[in-house]
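So the protein sequences, as listed, match chains W and B. For the first sequence, the numbering used here begins at 1 and goes up steadily by one. For the second sequence, the numbering used here begins at 219 and goes up steadily by one. We treat Cβ as the ideally placed atom computed from N, Cα and C, and that holds for glycine. Only a predicted model underlies this, so the values are computations on that prediction, with no experimental measurement involved.
Protein chains: 2
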Amino acid sequence: MDTTYLLDILGNENRRNILNLLSYRPCYVTEISEELKVSPKAIIDHLKILEEAGLVESFHDQHGRKYYQIANNVMIEVSISPISFQVEVTRVEAGADEQKMLRDRFHGDRISGDVVERLKYLCEEAQRLAQTSLELRETQRNVQNMLSEVTSMSIEIINEVAADQIEAEILYLLVKGPVSFEEIAGRLNIPLPVARTELARLMKKGLVTYRTGQWSIA
Amino acid sequence: MDTTYLLDILGNENRRNILNLLSYRPCYVTEISEELKVSPKAIIDHLKILEEAGLVESFHDQHGRKYYQIANNVMIEVSISPISFQVEVTRVEAGADEQKMLRDRFHGDRISGDVVERLKYLCEEAQRLAQTSLELRETQRNVQNMLSEVTSMSIEIINEVAADQIEAEILYLLVKGPVSFEEIAGRLNIPLPVARTELARLMKKGLVTYRTGQWSIA
Numbered sequence: 001m002d003t004t005y006l007l008d009i010l011g012n013e014n015r016r017n018i019l020n021l022l023s024y025r026p027c028y029v030t031e032i033s034e035e036l037k038v039s040p041k042a043i044i045d046h047l048k049i050l051e052e053a054g055l056v057e058s059f060h061d062q063h064g065r066k067y068y069q070i071a072n073n074v075m076i077e078v079s080i081s082p083i084s085f086q087v088e089v090t091r092v093e094a095g096a097d098e099q100k101m102l103r104d105r106f107h108g109d110r111i112s113g114d115v116v117e118r119l120k121y122l123c124e125e126a127q128r129l130a131q132t133s134l135e136l137r138e139t140q141r142n143v144q145n146m147l148s149e150v151t152s153m154s155i156e157i158i159n160e161v162a163a164d165q166i167e168a169e170i171l172y173l174l175v176k177g178p179v180s181f182e183e184i185a186g187r188l189n190i191p192l193p194v195a196r197t198e199l200a201r202l203m204k205k206g207l208v209t210y211r212t213g214q215w216s217i218a
Numbered sequence: 219m220d221t222t223y224l225l226d227i228l229g230n231e232n233r234r235n236i237l238n239l240l241s242y243r244p245c246y247v248t249e250i251s252e253e254l255k256v257s258p259k260a261i262i263d264h265l266k267i268l269e270e271a272g273l274v275e276s277f278h279d280q281h282g283r284k285y286y287q288i289a290n291n292v293m294i295e296v297s298i299s300p301i302s303f304q305v306e307v308t309r310v311e312a313g314a315d316e317q318k319m320l321r322d323r324f325h326g327d328r329i330s331g332d333v334v335e336r337l338k339y340l341c342e343e344a345q346r347l348a349q350t351s352l353e354l355r356e357t358q359r360n361v362q363n364m365l366s367e368v369t370s371m372s373i374e375i376i377n378e379v380a381a382d383q384i385e386a387e388i389l390y391l392l393v394k395g396p397v398s399f400e401e402i403a404g405r406l407n408i409p410l411p412v413a414r415t416e417l418a419r420l421m422k423k424g425l426v427t428y429r430t431g432q433w434s435i436a
């Protein structure tokens, strides 16, 4: 599935409200419909879409009533800057080895057989991990801050040294990393001969360099 | 603005395509329309929405032609798990102090006055920061993995110890952190007296505890 398709799915307020509701407890259709004041028919359609995307799943309770719950751990990160637009989707699933290690760790000697104590311990671990996650997000924010500033300084210099708009656009592209000749022409929507002439000119000025099929800032 | 509103905006493929295009170069309406094969009228509407959300901005070139470009650094993180649905939006803007520090750093003694060398240096910095960002994302993924595993183990134990569905739902809620009495009743959509009875029963079993207005796992 195209990862950005998840953004289509989350771009609907009712579907976000359903996910929010299910994050508190598994629910059946009528319950969701009443809570969100949306027709059961519409709820069923939304649940179908969420189910197909692997975000929710259903099960039947002992009375045969069908419940829905969130199926997966998914992280979606969108980062937008003047020279980049990125969508990253991570389906968080611990591998078999990782799972075993974690289970050994939490079921190991350090925890008594007492169920309540084990739950309390897990609970503390969960809160500690949530805190670490918050701190990582903060660090990520700082790194993105610096990246954004470095990028805008690069753009300033590029606007200073570029002879025209096409030169500037080629240089913006190269700031992000080495790029092939065809990609430059494709990205900037310019004919190959034009790209060739422009790159030759930039090379002459000592602004770009070419190595193993890739162009980069000199 | 409601932060989740950004998800509505990004939940449209044409708008995502516009952002992607603008991340390569500033564009004018006709250009976007031709590239994406979408009518100029529709492009103008999308640009208006993106502009109102502070994601794009326009400027006029020397010939008076109106160009659009991405205005801001924004990060949107959505995390979905069986017991949580969170949307975090960070508008990345370096504060005045931070900006000054960064500028001093990059304009300082360590870099010669040569513009090309400065651009090259910034470019290396940008790629280094992008790499750090990737590594942080990977670490975040691992933390989320562990959190997800700890959570699913807590859910297993809860399903073992809870006498009924309501008890289980209360305990799921408390795994995420201490919660007030009113929040429990509100979240689970149960009357206050029912919540009171349930919590008293869980307390008697030694599963929950109450301190300074908040309930938590014992």
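Determine the contact status of residue i and residue j, defining contact as a CB-CB distance below 9 Å.
i, j, result
"Glu76 of chain W", "Gly229 of chain B", "Rather than Glu, the amino acid found at residue 76 of chain W in this sequence is Ile. Against a cut-off of 9 Å, the Cβ pair of Gly229 of chain B and Ile76 of chain W comes out as no contact."
"Trp215 of chain W", "Leu199 of chain W", "yes"
"Leu365 of chain B", "Ala218 of chain W", "no"
"Arg234 of chain B", "Phe181 of chain W", "no"
"Asn291 of chain B", "Ser79 of chain W", "yes"
"Cys245 of chain B", "Leu237 of chain B", "no"
"Val116 of chain W", "Thr3 of chain W", "no"
"Ile155 of chain W", "Pro82 of chain W", "yes"
"Asn232 of chain B", "Ile261 of chain B", "yes"
"Glu269 of chain B", "Ala289 of chain B", "yes"
"Gly272 of chain B", "Arg309 of chain B", "yes"
Per DSSP, which one or two residues make a beta bridge with residue i?
i, result
"Gln131 of chain W", "According to DSSP, which records beta bridges pairwise, Gln131 of chain W is partnered with nothing at all."
"Arg211 of chain W", "W:Gln214"
"Tyr286 of chain B", "B:Cys245, B:Ser276"
"Val305 of chain B", "B:Val296"
Could you give the C-beta distance for residue i and residue j, rounded to a whole number, given that I count them as a contact under 8 Å?
i, j, result
"Val56 of chain W", "Tyr67 of chain W", "Between Tyr67 of chain W and Val56 of chain W the Cβ distance is about 10 Å, and since that is not below 8 Å, they are no contact."
"Leu122 of chain W", "Met371 of chain B", "6 Å"
"Gln140 of chain W", "Leu354 of chain B", "5 Å"
"Tyr242 of chain B", "Leu188 of chain W", "7 Å"
"Ile170 of chain W", "Leu202 of chain W", "6 Å"
"Ile402 of chain B", "Ala413 of chain B", "5 Å"
"Ile158 of chain W", "Tyr172 of chain W", "6 Å"
For the ligand GDP, is there a heavy atom less than 8 Å away from the beta-carbon of residue i?
i, result
"Ile18 of chain W", "No copy of the ligand GDP appears in this structure; indeed no ligand is present at all."
Uninterrupted beta strand (DSSP E) stretches inside the region 24-66 of chain W (no shorter than 3 residues): The DSSP assignment places complete beta strand (DSSP E) segments of no fewer than 3 residues inside the region 24-66 of chain W at 56-60, in order along the chain.
Entirely enclosed alpha helix (DSSP H) segments - the region 147-184 of chain W, minimum 4 residues: 165-175
At least 3 beta-carbon pairs within less than 8 Å: the region 356-372 of chain B vs the region 162-177 of chain W: With a cut-off of 8 Å, the region 162-177 of chain W and the region 356-372 of chain B do not count as touching, because too few Cβ pairs lie within range.
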